[in-house]
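*Asks:* Below is the structure I would like to discuss, written out as structure tokens.
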Amino acid sequence: MSVASQRNFVALRTIWIKECTRFLRIWVQTLVPPAITMSLYFVIFGNLIGKRIGEMGGFSYMEFIVPGLIMMSIITNSYSNVSSSFFSAKFQRNVEELLVAPVPTWVVILGFVGGGVARAMIIGVVVTLVSTFFVDVRIHDLFVIVVTLILTSVLFATAGLINGIYAKSFDDISVIPTFVLTPLTYLGGVFYSLTLLPEIWQTISQANPIVYMVNGFRYGFLGVSDVNHWLSIGLLIGFNAILLSVAYYLLKKGVGIRS
């Protein structure tokens with residue numbers, strides 16, 4: 010391994026450890042709330058409402074919504090972790106240390122995104138363990154589950170990084186999650202199958218990217234999906250390539266950082 014490669018690896022590991030330490034140090038605020046929130050979803054939507062709904066897609070309603078709820082927590086936490094972390098670095102002006110250090114832009118991106126992915130995976134495991142208290146969790150295709158989990162967490166961690174780059178105040182951090190992510194997630198098939206919608210709304214729903222993430226993840230658990238799971242993985246790869254390129258360009262140019 011060359012000297013430059015060793016230096017880049019040390020820098021990447023340092024940023025990643027810092028990001029992980031950041032959310033693990035306050036685990037009561039970062040890891041516990043998603044578990045409590047998902048437990049409430051399981052109780053209200055699964056036990057209470059689910060008994061009235063019955064089956065959906067050939068499975069009990071509780072089994073049907075578990076993959077969607079796990080995916081919802083992954084999306085929310087991977088995004089919020091990186092957006093808040095990077096903006097805090099801007100606000101405290103310590104991001105300037107990264108700009109003047111001999112560290113490539115891609116190392117900075119991977120370090121921050123890696124922290125968001127780590128938090129998303131830990132929360133995904135926590136929510137999955139919580140779900141076992143309410144339903145027997147099935148695994149149809151572990152490969153699809155892992156790939157969809159990684160690609161989705163990377164995608165929204167990168168989106169959070171872009172939000173953090175553009176944000177000028179802490180209020181800007183909450184705009185996208187409130188007005189974009191939340192509506193798209195609730196309309197992304199987490200709590201229902203697209204086959205229940207009128208044909209025109211099924212067509213419109215296909216323009217929602219979260220539909221493909223939720224259904225790809227659901228296929229990994231249950232083996233059923235409203236869309237082709239390979240199409241879901243292909244779209245995730247494409248979206249990741251686009252957003253990572255955008256993040257690289259913005260950080261390289263110093264957009265929102267250099268005055």
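Going by the numbering used here, the residue at position 166 of the sequence shown is 175; the numbering climbs one at a time, nothing skipped. For every residue, glycine included, the Cβ atom is placed at its ideal position computed from N, Cα and C. These figures come from a predicted structure and were not determined experimentally.
Nearest to R22 by alpha carbon, out of I84, F121, Y70?
*Replies:* The shortest CA-to-CA distance from R22 to any of I84, F121, Y70 is the one to F121.
*Asks:* Using the DSSP secondary-structure output, state which residues sit across from M65 in a beta bridge.
*Replies:* The partner list for M65 (beta bridge, DSSP) reads F68.
*Asks:* Is it buried or exposed, T187, if we count other Cβ atoms within 10 angstroms and call 16 or more buried?
*Replies:* Exposed, because fewer than 16 other Cβ atoms sit within 10 Å of the Cβ of T187.
*Asks:* Do you know how far the Cα of Y228 is from the Cα of Q211?
*Replies:* 18 Å
*Asks:* Measure the Cβ-Cβ separation of L170 and F100 and say whether it is below 7 Å.
*Replies:* no
*Asks:* Could you have a look at Y201 and say whether DSSP puts it in helix, strand or coil?
*Replies:* If DSSP states are grouped into helix, strand and coil, Y201 belongs with coil.
*Asks:* Which first and last residues belong to the alpha helix (DSSP H) in which T167 is found?
*Replies:* 151 to 175
*Asks:* Please state whether DSSP places R102 in a helix, a strand or coil.
*Replies:* coil
*Asks:* Quick check on this structure: which residue in V236, M130, V116 has the alpha carbon closest to the alpha carbon of M80?
*Replies:* M130
*Asks:* Using the Cα positions of N172 and I53, report the straight-line distance between them to the nearest angstrom.
*Replies:* 33 Å
*Asks:* So, helix, strand or coil for S11, using DSSP?
*Replies:* coil
*Asks:* Just reading off the alpha helix (DSSP H) that V117 is part of, what are its end residues?
*Replies:* 114 to 140
*Asks:* Report yes if the C-beta distance between I154 and S82 is below 7 Å; otherwise report no.
*Replies:* no
*Asks:* Closest to G225 by C-alpha separation, out of S214, G243, M71, P111, would be which residue?
*Replies:* G243
*Asks:* From the DSSP output, in three-state form, read off V236 for me.
*Replies:* Three-state result, V236: coil.
*Asks:* Comparing the CB of A176 with every heavy atom of the ligand SAH, is any distance shorter than 6 Å?
*Replies:* Only the bare structure without any ligand can be found here, which leaves the ligand SAH out of the picture.
*Asks:* Under the three-state reduction of DSSP, which class applies to I35: helix, strand or coil?
*Replies:* coil
*Asks:* Rounded to whole angstroms, what is the Cα-Cα separation between V126 and E208?
*Replies:* 36 Å
*Asks:* Run through DSSP, which three-state label would A216 get?
*Replies:* coil
*Asks:* One question on the structure: do I219 and T191 come within less than 7 Å of each other, judged by their Cβ atoms?
*Replies:* no
*Asks:* Taking just the CA atoms, how far does V199 sit from I213?
*Replies:* Computed Cα separation, rounded: 16 Å.
*Asks:* Tell me, to the nearest whole angstrom, how far the beta carbon of T114 is from that of L260; I am working on the premise that it is less than 8 Å.
*Replies:* 5 Å
*Asks:* Give every residue of the same chain whose Cβ lies closer than 7 Å to the Cβ of N86, excluding the five residues on either side of it in the sequence, and list them in chain order.
*Replies:* P43, R128, A129, I132
*Asks:* May I have the straight-line CA-CA distance separating S14 from A110, to the nearest angstrom?
*Replies:* 15 Å
*Asks:* From which residue to which residue does the alpha helix (DSSP H) around F51 run?
*Replies:* No alpha helix (DSSP H) contains F51, which DSSP labels as neither H nor E.
*Asks:* Using three-state DSSP, classify R147 as helix, strand or coil.
*Replies:* coil
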